[in-house]
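Peer 1: So the sequence shown is numbered by my numbering: it starts at 119 and just counts up by one.
Would you mind keeping the following structure in view while I ask a few things?
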Amino acid sequence: MASLSKAGAALAALREDLAGEVFAPGDAGYDAARAVFNGMIDKRPAVIAQCADAADVVRAVRFGRDLDLPIAVRGGGHGLAGTALGDGALVVDLRRMHQVTVDPASEAVRIEGGATMSRLDRATQPYGLATTGGRISSTGVGGFVLGGGTGWLDRAFGLAVDNLIAVELVTADAEQVHANADENPELFWALHGGGGNFGVATALTLELHELPEFAVALLLYLPEAGPDAVRTFREVLGAAPDELGGAVLYLTGPSAEFVPEHLAGRLVCAALLTYAGGEEDLRKLAEPLLALPHESQLVGTVPYVDLQCMLDVAPGLRNHWSAECLTGLPDELVDVYCTRAADMPVPTPTRHIVFPQGGAIAAGPHQYPVPYRDAPWTVHPFAVWADPADDERAVAWVRDVRAGVRPWSTGDVYLNLIGEEGAERVRAGLGAGNLLRLEKVKRAYDPDNVFRFNHNIRPV
Ligand SMILES: Cc1cc2nc3c(=O)[nH]c(=O)nc-3n(C[C@H](O)[C@H](O)[C@H](O)COP(=O)(O)OP(=O)(O)OC[C@H]3O[C@@H](n4cnc5c(N)ncnc54)[C@H](O)[C@@H]3O)c2cc1C
Numbered sequence: 119m120a121s122l123s124k125a126g127a128a129l130a131a132l133r134e135d136l137a138g139e140v141f142a143p144g145d146a147g148y149d150a151a152r153a154v155f156n157g158m159i160d161k162r163p164a165v166i167a168q169c170a171d172a173a174d175v176v177r178a179v180r181f182g183r184d185l186d187l188p189i190a191v192r193g194g195g196h197g198l199a200g201t202a203l204g205d206g207a208l209v210v211d212l213r214r215m216h217q218v219t220v221d222p223a224s225e226a227v228r229i230e231g232g233a234t235m236s237r238l239d240r241a242t243q244p245y246g247l248a249t250t251g252g253r254i255s256s257t258g259v260g261g262f263v264l265g266g267g268t269g270w271l272d273r274a275f276g277l278a279v280d281n282l283i284a285v286e287l288v289t290a291d292a293e294q295v296h297a298n299a300d301e302n303p304e305l306f307w308a309l310h311g312g313g314g315n316f317g318v319a320t321a322l323t324l325e326l327h328e329l330p331e332f333a334v335a336l337l338l339y340l341p342e343a344g345p346d347a348v349r350t351f352r353e354v355l356g357a358a359p360d361e362l363g364g365a366v367l368y369l370t371g372p373s374a375e376f377v378p379e380h381l382a383g384r385l386v387c388a389a390l391l392t393y394a395g396g397e398e399d400l401r402k403l404a405e406p407l408l409a410l411p412h413e414s415q416l417v418g419t420v421p422y423v424d425l426q427c428m429l430d431v432a433p434g435l436r437n438h439w440s441a442e443c444l445t446g447l448p449d450e451l452v453d454v455y456c457t458r459a460a461d462m463p464v465p466t467p468t469r470h471i472v473f474p475q476g477g478a479i480a481a482g483p484h485q486y487p488v489p490y491r492d493a494p495w496t497v498h499p500f501a502v503w504a505d506p507a508d509d510e511r512a513v514a515w516v517r518d519v520r521a522g523v524r525p526w527s528t529g530d531v532y533l534n535l536i537g538e539e540g541a542e543r544v545r546a547g548l549g550a551g552n553l554l555r556l557e558k559v560k561r562a563y564d565p566d567n568v569f570r571f572n573h574n575i576r577p578v
């Protein structure tokens with residue numbers, strides 16, 4: 119009883135003190151507040167503290183510690199496993215903290231911990247500046263960056279963590295600390311891939327790059343032409359400058375002006391080239407793909423911010439995805455990859471994607487716990503569907519894609535693209551050689567593993 123009344127009084131005080139808003143079971147708005155991107159997640163936190171600023175985060179963490187609650191951190195809510203929430207946990211929900219401040223003179227941007235990619239890209243675009251961001255506009259910058267961060271600009275500008283200048287963090291002791299190359303350098307190192315293990319990032323500062331022009335080429339092929347398209351995409355990227363990125367993928371043809379009627383609602387193969395430069399140069403680079411018989415093409419300059427929301431997927435659908443980092447993309451693997459497309463749940467927003475790496479990713483700083491940077495390609499089966507009756511089929515499809523490509527896996531893992539796949543995969547996602555060092559940082563900043571709803575690093 120004593121602890122119940124203590125909890126009740128503490129909750130009442132939190133409601134009173136927080137500039138943001140607090141939701142507990144039974145409150146109107148609780149169910150909406152606990153919804154995340156993946157509609158399969160149904161977790162029931164004890165308390166959701168929607169913080170308005172860093173002082174609120176300090177208050178919320180103190181509240182959680184006083185009541186001995188584990189703490190989940192919510193940025194954009196895009197994590198597959200729903201680690202933005204925890205059953206019976208305190209959720210530090212950062213969605214109200216979404217301010218983005220661009221400093222064009224120093225080519226840097228400060229982003230509050232709950233801002234989405236859309237807010238970041240819309241803030242930097244007017245200055246002709248950009249940095250590596252995720253490929254969907256509603257993804258949270260916080261989870262994306264702290265987990266590594268790959269996107270259309272990564273071959274040109276490196277992983278998102280390669281652009282990380284500073285982090286403002288609230289630790290498990292409710293202390294506000296700064297981490298950068300000079301202050302708390304071990305913590306700063308660990309935040310380059312170690313995710314939400316070390317505290318709540320109330321703000322991140324990222325380096326920006328000039329992006330005066332941006333162009334895309336999107337070509338659609340019949341599924342039977344897929345193997346040729348993938349091989350040609352491989353050749354194009356193999357000889358490309360770092361400014362060229364993109365993906366080759368299978369998807370359901372959307373109902374869009376540029377999609378011919380006979381492809382709408384059917385499986386199609388798409389080659390997408392993204393180019394940090396102008397249309398004329400991109401057309402030259404895309405020639406081999408344009409020379410293949412295709413059903414539709416779209417080539418031209420486009421504001422980067424527009425591409426960033428072109429492939430958006432609605433929240434609340436059912437999600438299951440995974441990824442394998444690949445040693446290469448030999449013909450045999452191309453055939454395995456393309457064959458697996460036939461089993462995709464279609465028509466759904468599911469995508470079966472191969473991303474190129476290389477460029478600035480491979481050249482980037484090698485000291486950080488992001489071991490997948492040397493893989494030249496990544497395959498990312500991304501199943502999204504609406505009907506629970508399709509659960510088994512969709513999950514099995516993702517599993518089969520992984521199993522099929524495993525002979526070519528580097529063994530490294532990009533943790534942002536997977537859900538809960540066990541401790542070995544987490545280890546492979548951080549790098550076995552980095553683990554002890556990460557565990558020491560965890561012990562220094564979160565010895566009780568309060569922040570455990572993540573790809574968890576245990577304090578040694
Ligand atoms: C549709 C879609 C597209 C995606 N595209 C890409 C892509 O192109 N490239 C890519 O790299 N990834 C991509 N991802 C994966 C995405 O980067 C990860 O799921 C990432 O964790 C999402 O971050 P979030 O803040 O939205 O998620 P959340 O679920 O809110 O957070 C995930 C975890 O990150 C941590 N976290 C989040 N914010 C903070 C913070 N401010 N401080 C401390 N910890 C924090 C917490 O541990 C939390 O459990 C995509 C995901 C989806 C659903």
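Even for Gly, the Cβ is constructed at its ideal location relative to N, Cα and C.
Keep in mind it's a predicted model, so treat the numbers as computed, not measured.
Going by DSSP in three states, I479 sits in which element: helix, strand or coil?
Peer 2: It is helical.
Peer 1: Could you check where the alpha helix (DSSP H) with G364 kicks off and where it finishes?
Peer 2: Counting along the chain, G364 falls outside any alpha helix (DSSP H), though it belongs to the beta strand (DSSP E) covering L362 to T370.
Peer 1: In the structure shown, what three-state DSSP assignment does A142 receive?
Peer 2: Looking at A142 - three-state DSSP - the assignment turns out to be coil, as it is neither helix nor strand.
Peer 1: Measure the C-alpha to C-alpha separation of K558 and L136 and round it to an integer number of angstroms.
Peer 2: One C-alpha to the other measures close to 33 Å.
Peer 1: Look at the alpha carbon of M119 and the alpha carbon of V218, and state the distance between them as a whole number of angstroms.
Peer 2: Confidence at M119 is low in this model, with a pLDDT of 42, below 50, so the placement of that residue should be treated as unreliable; the coordinate-derived value is given next. Cα to Cα, M119 sits roughly 45 Å from V218.
Peer 1: Going by DSSP, which residues form a beta bridge with F275?
Peer 2: None, per the DSSP bridge assignment.
Peer 1: What do you reckon, are the CB atoms on T250 and L271 nearer than 7 Å?
Peer 2: Cβ distance < 7 Å, so T250 and L271 count as in contact.
Peer 1: In chain order, what residues of the same chain lie with their CB nearer than 8 Å to the CB of A173, ignoring the 5 residues before and after it?
Peer 2: Answer for A173: A137, listed in chain order.
Peer 1: Taking DSSP as the reference, what is the three-state secondary structure of L533?
Peer 2: In the structure shown, L533 sits in a helix (DSSP, three-state: H, G or I).
Peer 1: Looking at the strands, I want to know which residues DSSP matches up with F500.
Peer 2: In DSSP, F500 forms a bridge with W439 and R469.
Peer 1: Relative to the alpha-carbon of A151, which residue among L203, S123, A507 and M158 has its alpha-carbon at the smallest distance?
Peer 2: Measuring from the Cα of A151, the nearest candidate turns out to be L203.
Peer 1: Less than 6 Å separating the Cβ of N298 from some heavy atom of ligand 1?
Peer 2: Flag unset: Cβ of N298 not near ligand 1.
Peer 1: Going by the C-beta, is T201 closer than 6 Å to any heavy atom of ligand 1?
Peer 2: Yes - ligand 1 has a heavy atom lying nearer than 6 Å to the Cβ of T201.
Peer 1: Using DSSP with H/G/I as helix, E/B as strand and the rest coil, what is Q168?
Peer 2: If DSSP states are grouped into helix, strand and coil, Q168 belongs with the strands.
Peer 1: Would R192 pass as a contact of V176 if the rule is Cβ separation under 7 Å?
Peer 2: Result no, Cβ atoms of R192 and V176 do not sit closer than 7 Å.
Peer 1: Determine the contact status of V334 and V420, defining contact as a CB-CB distance below 7 Å.
Peer 2: Yes, they are a contact pair.
Peer 1: So is V519 buried or exposed if we call it buried at 16+ other beta carbons inside 10 Å?
Peer 2: Label assigned to V519: buried.
Peer 1: Taking only heavy atoms of ligand 1 into account, decide whether any of them is closer than 6 Å to the Cβ of G311.
Peer 2: Answer for G311: no, Cβ out of range of ligand 1.
Peer 1: If you reduce the DSSP assignment to three classes, tell me which class Y486 lands in.
Peer 2: In the structure shown, Y486 sits in coil (DSSP, three-state: anything other than H, G, I, E or B).
Peer 1: Using alpha carbons as the reference points, say which of D184, S440 and A507 lies closest to Y532.
Peer 2: With distances taken between Cα atoms, Y532 lies closest to S440.
Peer 1: Spatial neighbours of G482 within its chain, please: C-beta separation below 8 Å, excluding the five flanking residues on both sides.
Peer 2: Closer than 8 Å at the Cβ level, and outside the excluded window around G482, lie G276, L277, D280 and R491.
Peer 1: Would you mind reading off the limits of the beta strand (DSSP E) that contains S414?
Peer 2: Where S414 is concerned, the enclosing beta strand (DSSP E) stretches over S414 to T419.
Peer 1: Using only the alpha-carbon positions, how far apart do P222 and A274 sit?
Peer 2: Spanning the two alpha carbons is a distance of roughly 19 Å.
Peer 1: Strictly by DSSP, which residues pair up with E286?
Peer 2: Note: E286 sits in a beta bridge opposite H296 and A321.
Peer 1: Go through its chain and collect everything with a Cβ distance to L548's Cβ below 8 Å, but skip five positions before and after it.
Peer 2: G311, G312, P487, P489, L533, L556, H573 and I575, listed in sequence order.
Peer 1: Measuring only from the beta carbon, is R192 closer than 6 Å to any heavy atom that is part of ligand 1?
Peer 2: At least one heavy atom of ligand 1 is nearer than 6 Å to the Cβ of R192, so yes.
Peer 1: Report whether the distance from the Cβ of R253 to the nearest heavy atom of ligand 1 is below 6 Å.
Peer 2: Under cutoff, so the answer is yes.
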